[in-house]
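J.: In order, the protein sequences belong to chains A and D.
So for the first sequence, this note's numbering puts the first residue at 1; every next one is plus one.
So for the second sequence, this note's numbering puts the first residue at 1001; every next one is plus one.
Glycine is no exception: its CB is placed at the ideal position from the N, C-alpha and C atoms.
Supplied in structure tokens, the structure appears directly below.
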Amino acid sequence: MTMEKFIKHTGTGVPLRRSNVDTDQIIPAVYLKRVTRNGFEDGLFSAWRNDPEFVLNKDEYKGGTVLVAGPEFGTGSSREHAVWALQNYGFKAVISSRFADIFRGNSLKGGLLTVILPQEAVEAIWQAVEAAPSTAITVDLDTRTVSYNDVSVPFELDDYTRWRLMEGLDDIGLTLKHTDSIDVFESKRAAYKPTTLPIRI
Amino acid sequence: MGKTLAEKIWDDHIVRQAEGEPDLLYIDLQLVHEVTSAQAFDGLRLAGRKVRRPDLTIATEDHNTPTLDILKPIADPVSKLQIDTLRNNAKEFGIRIHSLGDADQGVVHVVGPQLGITQPGMTIVCGDSHTSTHGAFGAIAFGIGTSEVEHVLATQTLPSRRPKTMAINVEGSLKPGVTAKDIILAIIAQIGTGGGQGYIIEYRGSAIRELSMEGRMTVCNMSIEAGARAGLIAPDQKTFDYILGKPHAPEDFAAAQSYWETLFTDSDAKLDVEITLDANTLEPFVTWGTNPGQGLPLNASVPNPADIADSEERGAAERALEYMGLTAGTPLKKIAIDTVFLGSCTNGRIEDLRAAASVIEGKKIAPKLRMLVVPGSERVRQQAMKEGLDKVFLDFGAEWRNAGCSMCLGMNPDQLAVGERSASTSNRNFEGRQGKGGRTHLVSPLVAAATAIRGTLSSPADL
Ligand code: SF4
């Protein structure tokens, strides 16, 4: 899949003060029966959205595009639907002090920028957006900083992933440039390695 | 300097390495199921790409399939569309598929090992986080997202960053009634749901060596619940014996085995972290909260959040108790259970069914309790019936179902109702995992069986 380039995004924040938000919460299994990549916004955090006090239900956070979450965001199931649901809803970036590995991998493949900041910095953003929900937050991949009000916090992202996101490059296309290396590798694979075909019962 | 087991396997699969880029890793096997593959095949079609190695790919239906009336058309049209989509994609791209009614239909992570296509030294991926299960054979096996599923279908490779290695040494011998499930629940309670993040965990020590292959799969299965990318165990004679005679065991077994025998962590290898756990003191474990790290020995009581120093964890515990409808200080053994679920890729293998059956044989199920027994695969179901286990479960008062993921994730009709409480041999106790508003306690098959008899969380020792 090709994706949109991500260079810089400015939007308002949504403070999700919860840790261990697993992908079953982000998008419950009953929504996973669809065979498309879009339309998952209705399932996003569906169990919590019944609660009028849940942050996404509050008018002041309705147009938010930067989710600011507690630690261990995205644990559990590998479902990429979690990334799609966040994107379908309108989120462009998620900030947390810790992301689960698979979720982070999925997000960076799909162009949802997951930004790791120290917990103190997350706490400060929570306080800023709770005090003033219209606070503009800028996530800048070029300078690798998150800024709001007069605060600017640097974050780390490896050069390769950053380059891919900024160029909007398709991973598969990149790998297919190295088909020769794959051919060479395959020619040396051990003969005893199993195959699924032909079927041996 | 020597290498760790994970490093050896990783290095053997590097197709291409370049400064600043992730390693391009060759993938020996991809397992496919209906839920995370449709969008990947669509991507291939859109780009006009083929599956590079259909012969290193295998599909099964599991997450979404019914466990009753499996030969009738699937009642839920959305589920049916997803299953039909997988069948059509398998046909179009030439991939072997095991559909409902087939002997090798079942949960992906039960199917691979039972066919003998899960072997030491392999790299195995699947669009499912519990792919870590296959690490029990000394393979690097990990879950991936749908974009990566597409990537592997198209190229048989995956750009990946080399993880660090954490060794968890479980030394000593388990007491009777304590199982592989209790080991892994205790590990996760100790290191936390993020404790393994960025690592491949290698499980070692005498207690791990003593486990059967099924037990080792249970341990590796839940590595992801500790946040680890994968978990693995060095192969040994037990591993080789398990594979020998399976349909896809290597024809040149000797050649394969001589390679497999090189797969262990060298004594001078550098491990990034090492943790030790005493198997002698372990007790049956059970979770009380809404993440797999919130677990305690069965003899303990529901913890008091006020006693937790870390404010983040305290808040999480308060929320968990509220969701679970539990009061601090209640002995875990006093918690009454509505439903017992025996199954899943964690504990739905033949050995798990045998263990539970041995506890309930000749007994009756607690009044008003329901028990679902869902074999991990059709082959497991057939084997169990050959041994008469289906009769043991039915006589006891349990339901004997067809194979699939079932109530592990509640995607098919097998779900908990709002407020319903389960003791489940699966791997996730997240809010709503087994059905919206459902409350899950993770347990071993032995605890599940004893709980079904007494109606409250129990171990066989309580009978
Ligand atoms: S049994 Fe549960 S954990 Fe295992 S693959 Fe199925 S849904 Fe996932």
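(1) When the Cα atoms are used, what is the spatial distance from residue 1407/D to residue 1341/D?
(2) Against chain D, does residue 171/A count as a neighbour if the rule is that its beta carbon must be under 8 Å from one of theirs?
(3) When the cut-off is 8 Å and only beta carbons count, does residue 51/A lie next to chain D?
(4) From what residue to what residue does the alpha helix (DSSP H) around residue 1109/D run?
(5) Given this structure, state the Cα-to-Cα distance separating residue 1186/D from residue 1288/D, to the nearest angstrom.
(6) Output needed for residue 1007/D: all residues of its chain with C-beta closer than 6 Å, excluding positions within five of it in sequence on either side, in chain order.
(7) Which one of 1444/D, 1236/D and 1055/D has the shortest CA to CA distance from residue 1356/D?
(8) Tell me the residue span of the beta strand (DSSP E) that contains residue 1274/D.
(9) Please confirm if the region 1386-1405 of chain D is in contact with the region 1057-1073 of chain D, defined as three or more CB-CB distances below 8 Å between the two stretches.
(10) Do you know whose CA, among 1293/D, 1133/D, 1375/D and 1422/D, lies nearest residue 1349/D's CA?
(11) With a Cβ-Cβ cutoff of 8 Å, do residue 1279/D and residue 1360/D count as a contact?
(12) Anything in chain A within Cβ reach of residue 1093/D, meaning under 8 Å, just list it in chain order.
(13) In whole angstroms, what separates the C-alpha of residue 1013/D from that of residue 163/A?
(14) In the DSSP assignment, find the alpha helix (DSSP H) that holds residue 1243/D and state where it starts and stops.
(15) Tell me which residue opens and which closes the beta strand (DSSP E) that residue 1339/D is part of.
(16) By alpha-carbon positions, which one of 67/A, 158/A and 199/A ends up nearest to residue 143/A?
(17) At what residues does the alpha helix (DSSP H) containing residue 1323/D begin and finish?
(18) Three-state secondary structure (DSSP) at residue 1167/D?
(19) Within 8 Å of any Cβ in chain A, is that where the Cβ of residue 1010/D sits?
(20) Please confirm if the region 1221-1239 of chain D is in contact with the region 169-176 of chain A, defined as three or more CB-CB distances below 8 Å between the two stretches.
(21) Leaving aside the five residues before and after residue 1155/D along the sequence, list all residues of the same chain whose C-beta is less than 8 Å from its C-beta, in chain order.
(22) Hey, quick one: how far does the beta strand (DSSP E) through residue 178/A stretch, first residue to last?
(23) By the criterion of Cβ-Cβ separation under 8 Å, what are the contact partners of residue 162/A in chain D?
(24) Should residue 136/A and residue 10/A be called a contact, given that it needs their Cβ atoms to be closer than 8 Å?
(25) Looking at chain C, is there any beta carbon in it that lies within less than 8 Å of the beta carbon of residue 20/A?
(26) Closest by CA to residue 1217/D, which one among 1426/D, 1177/D and 1005/D?
(27) In chain order, what residues of the region 1022-1033 of chain D put their CB closer than 9 Å to some CB of chain A?
(28) According to DSSP, which residues form a beta bridge with residue 1423/D?
(29) Using only CA atoms, which one of 1169/D, 1193/D, 1241/D and 1194/D lies nearest to residue 1207/D?
(30) Tell me which residues share the same chain as residue 1/A and place their Cβ nearer than 6 Å to its Cβ, disregarding the 5 neighbours each side in the sequence.
(31) List, in chain order, every chain D residue whose beta-carbon is nearer than 8 Å to that of residue 105/A.
(32) Check the Cβ of residue 192/A against every Cβ in chain D and list those closer than 7 Å, keeping chain order.
(33) Among the residues of its own chain, which have a CB less than 6 Å from the CB of residue 1438/D, if the five just before and after it don't count?
(34) Quick check: what's the CA-CA separation for residue 30/A versus residue 1077/D?
(35) Would you verify that the beta carbon of residue 168/A is, or is not, closer than 8 Å to some beta carbon of chain D?
(36) Please classify residue 1001/D: is it buried, with 16 or more other beta-carbons within 10 angstroms of its beta-carbon, or exposed?
T.: Let's see:
(1) 7 Å
(2) yes
(3) no
(4) 1108-1115
(5) 13 Å
(6) none
(7) 1444/D
(8) 1273-1278
(9) yes
(10) 1375/D
(11) no
(12) Those within 8 Å of residue 1093/D in chain A number zero; the least Cβ separation is about 12 Å.
(13) 25 Å
(14) 1237-1243
(15) 1339-1343
(16) 158/A
(17) 1311-1324
(18) strand
(19) no
(20) no
(21) 1052
(22) Note, residue 178/A: premise wrong, no beta strand (DSSP E); not H, not E.
(23) Per Cβ cutoff of 8 Å: no residues; residue 162/A is ~11 Å from chain D at best.
(24) yes
(25) Here the protein chains are A and D, and chain C is not one of them.
(26) 1426/D
(27) 1022, 1024, 1026, 1028 and 1029
(28) 1340/D and 1441/D
(29) 1169/D
(30) For residue 1/A, the predicted model reports a pLDDT of 49, less than 50, meaning its position is unreliable; a value from the coordinates is still stated below. If we look at residue 1/A and ignore the five residues flanking it on each side, it has no Cβ neighbours.
(31) 1144, 1145 and 1148
(32) 1250, 1252, 1255 and 1256
(33) 1416 and 1420
(34) 13 Å
(35) no
(36) exposed
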